[in-house]
Every structure is written in C-alpha cells, then in structure tokens.
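Take a look at the structure below.
Protein chains: 2
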Amino acid sequence: MSGEIPGMDVSMLGALAEPNRMAIVEMLRHEPLTVGEIASRLEVSQPHASKHLKVLSNNGIVESKPEANRRYYKLRLEPFHALNYWVTSLQKDMERRFDSLDDYVQELQKNKNE
Amino acid sequence: MSGEIPGMDVSMLGALAEPNRMAIVEMLRHEPLTVGEIASRLEVSQPHASKHLKVLSNNGIVESKPEANRRYYKLRLEPFHALNYWVTSLQKDMERRFDSLDDYVQELQKNKNE
DNA sequence: TTGGTATATAACTGTAAAGTTATATTGTGG
DNA sequence: CCACAATATAACTTTACAGTTATATACCAA
C-alpha cells in the first residue's frame, strides 16, 4: 500500500543488473541460442549459465523452447515494452520540471510566503 | 574485450533494482526533496535513506544541492536518456526477429542443409 | 559559544544472491 | 536397452549488499 510502484517491475531490473545476464540479453538481441552456446560465449560453466537463464526466465525476460536435446532461449518483448513505457513516462515528467536544482531552490525562496 | 556491453551501464540498473530506491525515484519524479522528507515518506531511518541516496548519486541517477541545513535531491536526465536509448534499440532489434520461438525453430529445420 | 536540527559516515550484523561442484533428468542414436 | 550429450537442479561456499546503531560533521539561531 505504501511501497507500491506504479508501472515498473523492480525485480526485472534486478534480473538485468548483473553483467553476465546483461551479456546474455545482448547475445540474444539478434538470435536465439542454446544454453551451451551461451555458456561457451560467456566463458562460464554450464550450470552457471543455466542459473542465470533461470533468473531471466523467472522474470519473463527470456523464454525457452526445447528442440531435441537442446533448449533455445530467446528474448521476450513484453518486459522491454514495460520498461520503455516506464522510462518514457518518467522522462516526460522530468522534462516538465526545472532544468537545474538551482532554479528550483530559487523558486522555493520566492514562494516561502505561501 | 569479451564482456563489453554496448550502450548500457549495468550498475545503473542495479541502483534502480531495489524497492526503496525505486520508490525514491518515483518520489523525485515530480519534485526535489530533502533527505528527511524522503526518509519520512519511505518510513525508513535517516541513515538508511542517506545510504540509498548515495547509491543513486554514485550512479548518476540523482544529484543534490545543499540549501542551508538541508540537501535537496533531484533526478538527473542523462541516465534515463541512456536507458531509453538502450531499450529502444533493443526493441528495434527484437522486432526484426521472428514473432515466436516456434517460427524460428521451424526455420532452423528448413535451413538444416546449408 | 551553546544547543538544536539535518545529513553523512563508520562499523557491524544478517541475509540473499553469485559462483562452484556434484548429481539428476531428459532426449537421441545405435 | 545402452551410451552419450545437453540441460537442470541440489547442496554448498563465499561475497556483496540491505539494514541497524552509534557517532561525526555542518549549518543555523540565540
């Protein structure tokens, strides 16, 4: 009730806020990849890659499709749409504000009477 | 050389990926606030608020201006511009891809010969 | 100067998450 | 069925960070 954040899912950012996982997202930007491919390019162990992929998956950032022995992982659009929406609306609000904190403080001074 | 992420600063996301700090960003969306105001609205201790503000500050997300006894914190535009740029370019790349992983796997099947 | 308010910092504790190693599961081809 | 390859999971260690308490710093007013 008090800790409610309007649009943005904080845990999604947490999932992205780790270098290996961000690297995975960048790798998947252009093409789906298997766990083995990802682990190999990341130069981490297979369980380690699987663990990061699970975090990304739990946050809806990636989805996987079994294909024979392998699992192809790819990015999902939705969370990035949500992130884009949040950032854009934040920017709009910010740009409505004063350009510098100095201006605002000066404004505070002037309005001290009311 | 291998772990290079193009545009996005991962640590900035880490700074945002904590509920209290995200709440601070939301609070500052419309107006600069003092540490005391932030701590009070967040219902956390003053040192705790200061600590989160320091993280945000270290990542360039907020800036502060001393005014007498107090410090006004406000959001900075730049990191959100960078984030917006990253998300947008990622989305563009993604939307060039197949709509579903199924399609992609079918594509793999067809192209197995080459 | 003294007292009070606002903020920062240092030192510490607890917990969650990164990273590792070993093992289980699932699927494929012979 | 068996042997092998790809991935997932479990158990564990270690590190990083949230959160707390106590103290230091800076500013103002009387």
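Heads up: the protein sequence lines correspond to chains Y and X, in order. All residue numbers for the first sequence refer to full-length UniProt numbering, where the first residue is 1 and numbers rise by one. All residue numbers for the second sequence refer to full-length UniProt numbering, where the first residue is 1 and numbers rise by one. Yeah, the Cβ is synthetic: ideal placement off N, Cα and C, and Gly gets one too.
Cβ neighbours of residue i in the same chain (closer than 6 angstroms, five flanking residues each side left out)
i: X:S64; result: R71 and Y73
i: X:E114; result: Reliability fails at X:E114, whose pLDDT of 34 lies under 50, so the model's placement of it is uncertain and the value that follows must be treated cautiously. No residues qualify anywhere along the chain.
i: Y:K112; result: Caution applies to Y:K112, whose pLDDT of 41 falls short of 50 and renders its modelled position unreliable; the value that the coordinates give is listed next. Correct list: empty, nothing qualifies.
i: Y:E4; result: Note that Y:E4 scores 39 on pLDDT, short of 50, meaning its location in the model is unreliable; the coordinates nonetheless yield the value given after this. Nothing listed; no residue qualifies.
Residue i: contacting residues in chain Y (beta-carbon distance under 8 angstroms)
i: X:V10; result: L16, A17, E18, P19 and M22
Proximal chain X residues relative to residue i, where beta-carbon distance stays under 8 angstroms
i: Y:Q91; result: L77, F80, H81 and N84
i: Y:M94; result: R29, L75, L77 and F80
i: Y:V87; result: F80, L83, N84 and V87
Opposing strand residues paired with residue i [DSSP bridges]
i: Y:P66; result: Y:R71
i: X:L42; result: Answer is none; X:L42 lacks a bridge partner.
i: X:T88; result: Beta-bridge pairing links X:T88 to no other residue.
i: residue 123 of chain X; result: The requested residue 123 of chain X is not part of the displayed model; chain X covers only 1 to 114.
i: Y:L33; result: Y:Y73
Own chain partners of residue i with C-beta closer than 8 angstroms, once the 5 adjacent residues on each side are dropped
i: Y:M12; result: N59, G60, I61, P79, A82 and L83
i: Y:R76; result: G60, I61, V62 and E63
i: Y:D9; result: N59, P79 and A82
i: Y:L53; result: I24, V35, I38, V62, S64 and Y73
i: Y:M94; result: none
i: X:K110; result: Since pLDDT at X:K110 reaches only 46, below the 50 mark, its modelled position is unreliable, and no value is offered.
Nonlocal neighbours in the same chain, by C-beta distance under 7 angstroms from residue i, ignoring five residues either side
i: X:L56; result: A15, R21, I24 and V62
i: X:F50; result: Before going on, a small fix: residue 50 of chain X reads as Ser here, not Phe. Answer for X:S50: V35, listed in chain order.
i: Y:S45; result: A39
i: Y:R96; result: none
i: Y:R41; result: M27
Residue i: contacting residues in chain X (beta-carbon distance under 7 angstroms)
i: Y:L13; result: L13, L16 and A17
Boundaries (first-last residue) of the alpha helix (DSSP H) holding residue i
i: X:P19; result: P19 to M27
Checklist line | Touch test, the stretch 82-96 of chain Y against the stretch 26-35 of chain X, Cβ-Cβ under 8 angstroms, three pairs minimum | finding: Result yes; three or more Cβ-Cβ pairs closer than 8 angstroms.
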